[in-house]
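Protein chains: 6
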Amino acid sequence: MRPSARQNNQLRKVSFEVNVNRYAEGSCLIKMGNTHVLCTASIENGRPTWKRQQGLGGGWVTADYAMLPRATHVRRGRDSNKTDFRAVEIKRLVGRALRSVVDLDVLGERQIFIDCDVLQADGGTRCASITGGFVAMYLACEKLVKCGEMRKNPITHFLAAISVGVHNGNVVIDLDYDEDCHAEVDANFVVADGGALVEVQATGESKPFTGEQMDAMLKLAKDGVAALINLQKQVVEG
Amino acid sequence: MRPSARQNNQLRKVSFEVNVNRYAEGSCLIKMGNTHVLCTASIENGRPTWKRQQGLGGGWVTADYAMLPRATHVRRGRDSNKTDFRAVEIKRLVGRALRSVVDLDVLGERQIFIDCDVLQADGGTRCASITGGFVAMYLACEKLVKCGEMRKNPITHFLAAISVGVHNGNVVIDLDYDEDCHAEVDANFVVADGGALVEVQATGESKPFTGEQMDAMLKLAKDGVAALINLQKQVVEG
Amino acid sequence: MRPSARQNNQLRKVSFEVNVNRYAEGSCLIKMGNTHVLCTASIENGRPTWKRQQGLGGGWVTADYAMLPRATHVRRGRDSNKTDFRAVEIKRLVGRALRSVVDLDVLGERQIFIDCDVLQADGGTRCASITGGFVAMYLACEKLVKCGEMRKNPITHFLAAISVGVHNGNVVIDLDYDEDCHAEVDANFVVADGGALVEVQATGESKPFTGEQMDAMLKLAKDGVAALINLQKQVVEG
Amino acid sequence: MRPSARQNNQLRKVSFEVNVNRYAEGSCLIKMGNTHVLCTASIENGRPTWKRQQGLGGGWVTADYAMLPRATHVRRGRDSNKTDFRAVEIKRLVGRALRSVVDLDVLGERQIFIDCDVLQADGGTRCASITGGFVAMYLACEKLVKCGEMRKNPITHFLAAISVGVHNGNVVIDLDYDEDCHAEVDANFVVADGGALVEVQATGESKPFTGEQMDAMLKLAKDGVAALINLQKQVVEG
Amino acid sequence: MRPSARQNNQLRKVSFEVNVNRYAEGSCLIKMGNTHVLCTASIENGRPTWKRQQGLGGGWVTADYAMLPRATHVRRGRDSNKTDFRAVEIKRLVGRALRSVVDLDVLGERQIFIDCDVLQADGGTRCASITGGFVAMYLACEKLVKCGEMRKNPITHFLAAISVGVHNGNVVIDLDYDEDCHAEVDANFVVADGGALVEVQATGESKPFTGEQMDAMLKLAKDGVAALINLQKQVVEG
Amino acid sequence: MRPSARQNNQLRKVSFEVNVNRYAEGSCLIKMGNTHVLCTASIENGRPTWKRQQGLGGGWVTADYAMLPRATHVRRGRDSNKTDFRAVEIKRLVGRALRSVVDLDVLGERQIFIDCDVLQADGGTRCASITGGFVAMYLACEKLVKCGEMRKNPITHFLAAISVGVHNGNVVIDLDYDEDCHAEVDANFVVADGGALVEVQATGESKPFTGEQMDAMLKLAKDGVAALINLQKQVVEG
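Chains as they are written, first to last, in this note's numbering: chain R, 1 to 238; chain V, 239 to 476; chain X, 477 to 714; chain Y, 715 to 952; chain F, 953 to 1190; chain B, 1191 to 1428.
#1: Could you list which residues in chain Y have their beta carbon closer than 9 Å to that of S100/R, in chain order?
#2: Hey, how far is the Cα of P783/Y from the Cα of E803/Y?
#3: Over the uninterrupted beta strand (DSSP E) stretch that includes Y852/Y, give me the two end residues.
#4: Kindly give me the distance between the Cβ atoms of L807/Y and E893/Y, rounded to whole angstroms, as I take these residues to be in contact under 8 Å.
#5: Check whether the Cβ atoms of F1110/F and K1185/F lie closer than 8 Å to each other.
#6: In chain R, which residues lie less than 8 Å from F872/Y when you measure between Cβ atoms?
#7: Please work out which residues of its chain come closer than 7 Å, Cβ to Cβ, to K683/X, disregarding the five sequence neighbours upstream and downstream, and give them in chain order.
#8: Are the Cβ atoms of L1008/F and L595/X separated by less than 8 Å?
#9: Under a three-way DSSP split, which group does K965/F fall into?
#10: In chain B, what lies closer than 8 Å to T1035/F by C-beta?
#11: Count the other CB atoms within 10 Å of the CB of Q689/X; is the residue buried (16 or more) or exposed (fewer)?
#12: Taking all protein chains shown into account, decide if K567/X is buried (16 or more other Cβ within 10 angstroms of its Cβ) or exposed.
#13: Find out if the Cβ-Cβ distance for the pair M554/X, T441/V is shorter than 8 Å.
#14: Applying a beta-carbon distance threshold of less than 9 Å, which residues of chain R neighbour L698/Y?
#15: At which residues does the alpha helix (DSSP H) containing G1163/F begin and terminate?
#16: In chain X, which residues lie with their C-beta within 7 Å of the C-beta of V436/V?
#17: Determine, using beta carbons only, whether V14/R and L231/R come nearer to each other than 8 Å.
#18: Give me the chain F residues within the contact set of S518/X, using Cβ-Cβ distance strictly less than 7 Å, ordered along the chain.
#19: Please list, in chain order, the chain R residues whose beta carbon lies closer than 9 Å to that of F351/V.
#20: At the 8 Å Cβ level, is R110/R part of the contact set with chain V, yes or no?
#21: Check each residue of the segment 1239-1257 of chain B: if its Cβ is closer than 8 Å to any Cβ of chain Y, include it; give the result in chain order.
#22: 8 Å is my cut-off, CB to CB: does R840/Y come that close to chain R?
#23: R498/X touches chain F at which residues, Cβ-Cβ below 7 Å?
#24: Which whole-angstrom value describes the C-beta separation of K981/F and A1015/F, a residue pair presumed to lie in contact below a C-beta threshold of 8 Å?
#25: Counting only C-beta atoms, is A1144/F closer than 8 Å to chain B at any point?
#26: Return the residues of the segment 1357-1377 of chain B that lie within a Cβ-Cβ distance of less than 9 Å from chain Y, sorted by chain order.
#27: To the nearest angstrom, report how far apart M746/Y and V859/Y are at their CA atoms.
#28: I need the boundaries of the beta strand (DSSP E) containing F561/X, first residue and last residue.
#29: What do you get for G1384/B, buried or exposed, if any count of 16 or more other CB atoms within 10 angstroms of its CB means buried?
#30: Following the continuous beta strand (DSSP E) through D416/V, name the residue where it begins and the one where it ends.
#31: Give the interface partners of L377/V over in chain R, defined as CB-CB distance under 7 Å, in chain order.
#32: Hey, K143/R and E25/R are a contact pair by Cβ (cut 8 Å); roughly how many whole angstroms apart?
#33: May I ask you to list the residues that DSSP assigns as paired with D593/X?
#34: Which chain Y residues sit within Cβ distance under 8 Å of A1421/B?
#35: List the residues of chain F that L514/X touches, going by C-beta distances under 8 Å, in chain order.
#36: Counting only beta-carbon atoms, is G1401/B nearer than 8 Å to chain F?
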C-alpha cells in the first residue's frame, strides 16, 4: 500500500493552467498533486553568443529552474553566494530534454528560454518542469506561427517526463515527497510521443537495483507519459 | 483621463487569496490589477545571529523580494553574479515596514521571514508586497497563537502601502506600469491603521515637486490605504 | 535639549574643501561636524552601455558610495562576497538626486560618476554625499565648459540634502549618530534651489508619525537646505 | 567500424597507478586511453556540518571534480565567478555513486572526500573518475584499517562505471571524445560487483532511443564493468 | 636629471598627519608628494579564527589595502565581482612587513588591523602604506598601554619602506608615477630601525639587472628609510 | 646539518618530463624532490583585450597557478567564493618572470598562457612553476616556429628560479616544506641565463636579515639557477 493510497501505476491529480502570464510567449502552471510549477517560455531573436562565436547556425533552447524560498517544508533563503548544485543539475536536464524535440533549424535564429519556478514542492518537480515546460514552449511556438513570425512550429514530438521508483519493493509511479524519501530506487524518464526514450536517469538510493527492475520502471513510465501527453494535447488544442 | 480610465483616486481591482502555500505559517497571493505577488511568512525559532552576538533580546522581522524571470515585458535571467540593486532597496523597505508594526518583545526569540515573489509585474510591486506580506504575516502569527506556541499576536497595527504619483499634472493613486513610466512624481506611502505614517518615499522623476503636491499625495494615499486595510481585515477574519 | 546642545534648527559646522583630488574633474571634501565625505566627480565620454543598446541619446549621471573600514565606531572589514545592502540603497539615492538637476541632453554623450567615500561617519552621510557630490559635479562641469569641451554647464539647479528627525518629541535637523540612534522618526530631504522637492524619505523608526510632523520636518529641511546651497554657491564661485 | 578501430565491446587500454600522492590516504592515477584522471581520497574525522545540525549519525562520502585548464583541445581558464555547471553535475554523480557502496555506520564519524582532477580529457572522464576514485577510496579505507584507526573496511561492494553509446547505429563501449561527439545516444552506467545497477543515465543526443537499445547498452556496460572490477581487484590486492 | 628634478637620493616631501580618525585606536594620513594614504590601526580583542582552530596562542597583525575609485588618472569603478590581484599582493606585503616588528606574545590575544586607503596615488603607495601604517599601529599600541589595557608596547622596531629603481640607468629613490612607468628596475625595501632588512622585492621591468645594481639600490634604500624613521619618531613622540 | 641531509648548496633531485599533455602547444611535468608541478603552455592568437582597448601592439604572456585539493598535508577544498590570496601573488610572479624573457614584438599578436598546477607540494612550488613553466613555454614557441606559424622563437634568455633561505643560521638552497617552515629568511630568485637578475624577493620570516646574508643568498641562487638552466637546455634540445 502506498502512503498516498494510490495504485502503483496511478498518477497524482494533474492539471495544466495555460496562459497564466501576460508577457511570456507561452506559459503554464502545472500541478501534479501538491507539486506546483509555474513554467514560462520566452522566445528571443538571435543566436546564443557561443553559437555566434563558433559560426554555428540555428536556434537554441535552454532552461532555468528555481524554487521559491518557501516551496519546501523548511524555508530556504536565497544566498546569492552559494550555487544550488541540485538546481544546476535539474536545469541542465530540463533544457536538454526540451531541446531534443525542437528542430533547431526550423526554429532559426531564435532562442527559447523555459523558466520553471517551483511555487510548491512535493516530489517530482523536475518531471513536472519538463511536462509543464513543454506545454509553455508549445504554446509559445504556436503563437509565433499564428502571428506569422515563424513559418511553422519547430517542435517535432510531444514530450513529458515522470518519476518512477521502487518503494517497499514495489515499482511505483509519480512519487510524492514522503514516498521519494524512502524509495530504494529513484528514476526519471523523459519520453517522447510514441514511447521513444529521450533521457533515463535511475539511481539506487539505498541499494543497487536489477535490470528487471529497470524494465519494470521503464514500462510504468511509458504508460504514465502516454497519459500525460494525452492531457498535454487536450490542453494545447484547448 | 488616466490611461486605465480609472478615477484619480480609484484603486485597481484588488484580491487576496490566502493560505496558498501548504508549508508556510502564513501565505497570501495578492493581485492588484495585473501585479501578482506571492507572499509567504515563515516563523523560525531563535534570534538572528547579530542579535545574539550583541546580546540583544527580542525577535526580528525581515523580508526578501524577487521577481520571476518573466514577471516583466522582457525576460530577465537570473545572474547570480550581479546584485539586483533595485531588489535590495525594496526588500529593505518591505522588512522595515512590516517590522514597524510588530512588538519584537512579544514576538520573543523568533524570526519572521516574509518572502515576496512577483509572479507578474505591472507597477506597484513594492506596495503590493507590503500589503500582501502583512496578511501573510498576520496569518502566521495567528496560527502560532491558535496552536499555543505564542501567547498573543505581536502585531500592533494593520498596515498597507500604496503608490501615488503625479501624472499629466494630476495626483493619481495606484499607478500601473504604463502610468508609472510617464509619471512626473512617484511616491510610496506605508500607512498604519488609523492613518499614522510609517514610511514615505517620494521622488521627482522628471522634475521637482512642491509641498502642496506632497500634501495632496498624502491625502490620496491615506484613503487608499484605509480601503486596503478594510479588505485585509475581511480576509484575515475570513 | 539636544545631545549636541544645538538648537533644533541648527546645522552642524559645515565646510567644503574643493579640488582636493588632482585627477578628478571635480572634487570636494565635505565635513558636516564629524561626518567627512570625500566626493569626486569624473566625467567620461560615451553613453552608458544600456543607453546604447536601447538606442537612447543623451548622457547619464551615476553615483557610488562606500565607507572606509574604520569610518565607524567598530571596524567593518571589506568582504567582497557580501553585498552591502545599505550602501546599495544610498548610492541609488545619491545618483537619482544628482541626476535630477542635470539636463542630460546638454550633457551629451558623457557620463558623470560621483564617488562618495566616507572617511569618517557621524550620521547624515547620505545627505553629505549629495551636498558634497553636487559641488564636485558642479566643478567638474565648469571645468569642461572652461576648457571648451562642453558648450554650457548642464546643471539646472543647485541641490543639497539634509536629514531631519523627531528626537524626544522634537523636530530637529542634521542629526549626528547618537541622536539618530534614538530618533523616533528619521527623514532625508533632497531639495533644489528655490525649495522644490526632489526626494523625500521618512521612516518611523520606533513608531509611526503624523502628517503634521511631516510638515514640520519639511519646513525645517527647506531652511537647512537653503543655508547649505548658500554655502555651495560661495564655494564654487570661489 | 569505430574511429578508433576498436571492437564494439572493446575498452580502451586501462591502467591504474596507485599511491601517486604522498599525503592522501589513498590515491590513484587512472588512464583510460588518453583520458587521465588523478583521484585522491582523503579521510577526515568528524561528521559533515549538516549531519551534525540535523542530529544524524554516521559518516559521509562526497566528491569533487575539476579539469586542469589545458585538459582539453582548447584552453579553458579558471573563472572564479562562473560556476561550471557540467562539473557540478559530475561531482554530484561521482559522490552519489561512491557513497552507495560505503556502509556509513561502519565508516563512523568520518568523511571521505574524493577529488578527481582531470589531467587530460578524451571522453569518459566521469566514468574514469568513479572507477579510479573507487580505487583511491578503497586504498584509503584499507590504510585506516591497517593502522588500527577503523575496525573494518566500510566498503560493501567493488564499483566501476563505463560509458556506452549508440554510434552510427551501433552500440559501442567506452567512447573517446571523437566518437562521443557524434554519438546518437550517450549513456553512463555505474555498476557494482555482481552486476547490480547503481546509477543509469542515458541521453538521446540527436534523437530518441528505444527500450531495446537500452537493453543492449546495459548488457555491454555490465561486461565492461566486470572487466574493470577485475582490474581494480588486482590493483588493490597488488 | 630626474623628471621631478630631484636628486637621485632625494625623497619627495613627506608629511604625517596623526589622529585623523576619531574611532581608530591609531591613525595617520601620510603624504609622500602626491601620494596620499589614510592609514588606520584597529585593535580588537581575540585571536583570529585560524589560530584558535589550530590551538595557537598569541596575537596577529593583518592589513588591508584599497584605492579610492578616483585615486588614479583614470577612474576605476569598484567591481565587487573582480578580485583586484594587485591589491591582494600589496595587502599581503603590508601585513607581513608590519607583523615582523610586533612581538605577538606581548600583543596577546588581540588582532591589529591596518587599513590603508589610497586617497590619491602617484607611485610608491605600497611603501607609503607600510610607513604610514607603522605610525598608525604604533599610536594604537601606545594608546592601549596608556589606558592600561596592554602592559607594554609589543612593537620591537621602528619600520619603514621605500621604493628604489633604475631609471635612465641611474639608481634613484622614491619614484613617482611617471618615473616608475619608465623605470628599468623597480624595487621596494622594507627596512627596520638599524638597517636590518625585513623584505626586499626587486623586479627587472624591461630588462634583467645585476648584483651591483642590487647593492646600489640597497644602499640608497637604507639611507631613505633611516630618514623616514627619524620622521616617524618625531611624529609619534609629538 | 639540513633536515634532508643535503649540502647547503645542494638542490633536490630535479627532473623534467616534457610533452606530457597532448593538447597544449608545450608542456612539462617538473619534479623537484616531492614537489611536482604540471606546466602547460598554450598559445592563442590575438592580443589581450586591454591591449586592444589601449591601442597597444605586441603579444602578452600570463600565468595561472593552482594547487590540487590534496597537494598538501591537509586537504584544502575548492571554495569558489574565497579568493586564494597566496595563489594570486604567485601567479603574478610567474607571469611577470616568464614575460621578462619574451620579446613581445616578435611574439606578435599572440598570447601565451602558462598554467601551473601543483600535483604535490613540498616547498618551492613557485620556483618550480617558473622553471618548469619556462620549459613548457620554450617548447610551445619552438613548435610554432617549426610548423611555420611564427618566424622565430621570441624567447630571449633561458630562465629559472630557485628558493634560498637562512635555516639554523645557514644559508641553504632549495628548501623543502619542513625546512621552509622553520627558516629565518625565505627568498626566491628568478635569474636569467648568464646570471642577470629578473626578480628578487626576500622576507625575514622570524627576524630581519642583513645585506651580507642577502649577498650570500644571491650567490647560492646564481649557482643553483645555472645548474637548472643546464638541465633545461638538455631537455629542450632533447
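A virtual CB, placed ideally from N, CA and C, is assigned to each residue, including glycine.
In short:
#1: Counting from 1 along the first sequence, the entry for residue 100/R is found at position 100. Per Cβ cutoff of 9 Å: T917, G918, E919, S920, K921, P922.
#2: As a working mapping, residue 783/Y is identified with position 69 in the fourth sequence. As a working mapping, residue 803/Y is identified with position 89 in the fourth sequence. It is roughly 18 Å from the alpha-carbon of P783/Y to the alpha-carbon of E803/Y.
#3: The residue labelled residue 852/Y in the question sits at position 138 within the fourth sequence. In this chain, Y852/Y is not harboured by any beta strand (DSSP E); it is covered by the alpha helix (DSSP H) spanning 839-860.
#4: Numbered from 1 along the fourth sequence, position 93 holds the residue referred to as residue 807/Y. Numbered from 1 along the fourth sequence, position 179 holds the residue referred to as residue 893/Y. Not really, about 21 Å apart at Cβ, beyond 8 Å.
#5: Taking the first residue of the fifth sequence as position 1, residue 1110/F is located at position 158. Taking the first residue of the fifth sequence as position 1, residue 1185/F is located at position 233. In this structure, F1110/F lies near K1185/F, with their beta-carbon atoms less than 8 Å apart.
#6: Walking along the fourth sequence from the start, residue 872/Y turns up at place 158. Within 8 Å Cβ-Cβ: nothing; F872/Y doesn't reach chain R, min ~12 Å.
#7: Numbered from its first residue, the third sequence carries residue 683/X at position 207. Contacts found: E660.
#8: The count along the fifth sequence starts at 1 and reaches residue 1008/F at position 56. The count along the third sequence starts at 1 and reaches residue 595/X at position 119. No, they are not a contact pair.
#9: Within the fifth sequence, the letter at position 13 stands for residue 965/F. Three-state DSSP puts K965/F in coil, outside helix and strand.
#10: For the purposes of this step, residue 1035/F is identified with residue 83 of the fifth sequence, where counting begins at 1. In chain order: T1273, V1278.
#11: Taking the first residue of the third sequence as 1, we reach residue 689/X at position 213. Under this definition Q689/X is a buried residue.
#12: Indexing the third sequence from 1 puts residue 567/X at position 91. Its Cβ being crowded by 16 or more others within 10 Å, K567/X is buried.
#13: Position 78 of the third sequence, counted from the first residue, corresponds to residue 554/X. Position 203 of the second sequence, counted from the first residue, corresponds to residue 441/V. In the sequence as presented, Met is not what sits at residue 554/X; that position holds Arg. Going by C-beta atoms, R554/X is not nearer than 8 Å to T441/V.
#14: The structure shown does not extend to residue 698/Y, since chain Y spans only 715 to 952, so no value can be given for it.
#15: Here residue 1163/F corresponds to residue number 211 of the fifth sequence, with the count starting at 1. Run containing G1163/F: 1163-1189, per the alpha helix (DSSP H) assignment.
#16: Sequence index remark: in the second sequence, residue 436/V carries index 198 (1-based). Those are G680, P684, listed as they occur along chain X.
#17: Position 14 of the first sequence, counted from the first residue, corresponds to residue 14/R. Position 231 of the first sequence, counted from the first residue, corresponds to residue 231/R. Taking 8 Å as the cut-off, the Cβ atoms of V14/R and L231/R count as close.
#18: Reading the third sequence from its first residue, position 42 is the one you call residue 518/X. Simply R1022, R1027.
#19: By 1-based counting over the second sequence, the position of residue 351/V is 113. Going along chain R in sequence order, the residues near F351/V (Cβ under 9 Å) are P69, R70, R75, G77.
#20: Numbered from its first residue, the first sequence carries residue 110/R at position 110. False, the Cβ-Cβ gap to chain V never drops below 8 Å.
#21: Under the 8 Å Cβ criterion, the segment 1239-1257 of chain B contributes D1254, A1256.
#22: By one-based count along the fourth sequence, residue 840/Y stands at place 126. It does not; no Cβ of chain R falls within 8 Å.
#23: Here residue 498/X corresponds to residue number 22 of the third sequence, with the count starting at 1. N986, Q1072, listed in chain order.
#24: Along the fifth sequence, read from residue 1 onward, the residue named residue 981/F stands at position 29. Along the fifth sequence, read from residue 1 onward, the residue named residue 1015/F stands at position 63. The question names Lys, yet the displayed sequence has Leu at residue 981/F. Going by Cβ atoms, the distance from L981/F to A1015/F rounds to 16 Å, so no, they are not a contact pair.
#25: Working through the fifth sequence from its first residue, we reach residue 1144/F at position 192. Against chain B, the CB of A1144/F has a partner CB under 8 Å away; the residue lies at that interface.
#26: Identification of residues in the segment 1357-1377 of chain B having a C-beta nearer than 9 Å to some C-beta of chain Y yields an empty set.
#27: As a first step, residue 746/Y must be located in the fourth sequence, where it is residue number 32. As a first step, residue 859/Y must be located in the fourth sequence, where it is residue number 145. Their backbone Cα atoms lie some 29 Å apart in a straight line.
#28: On the third sequence, position 85 is the one that residue 561/X refers to. Taken as a continuous stretch (DSSP letters only), F561/X belongs to no beta strand (DSSP E), being part of the alpha helix (DSSP H) at 561-575.
#29: Translated into the one-based positions of the sixth sequence, residue 1384/B becomes position 194. Around the beta carbon of G1384/B, fewer than 16 other beta carbons sit within 10 angstroms, so the residue counts as exposed.
#30: Here residue 416/V refers to the residue found at position 178 when the second sequence is read from its first residue. Element bounds for D416/V: not the beta strand (DSSP E) but the alpha helix (DSSP H), 415-419.
#31: Taking the first residue of the second sequence as 1, we reach residue 377/V at position 139. Correct list: empty, because the minimum Cβ distance to chain R is about 13 Å.
#32: Along the first sequence, one-based indexing puts residue 143/R at 143. Along the first sequence, one-based indexing puts residue 25/R at 25. That pair is a contact at about 5 Å.
#33: Mapped onto the third sequence, residue 593/X falls at position 117. Residue pairing by DSSP puts D593/X in a beta bridge opposite L514/X, A542/X.
#34: Here the question's residue 1421/B lines up with position 231 in the sixth sequence. It is worth fixing the name first, because residue 1421/B is Leu in this sequence and not Ala. The premise fails here: L1421/B is roughly 23 Å from chain Y at the closest Cβ pair, so nothing lies under 8 Å.
#35: The count along the third sequence starts at 1 and reaches residue 514/X at position 38. Chain F residues near L514/X: L1020, L1071.
#36: Working through the sixth sequence from its first residue, we reach residue 1401/B at position 211. G1401/B counts as touching chain F.
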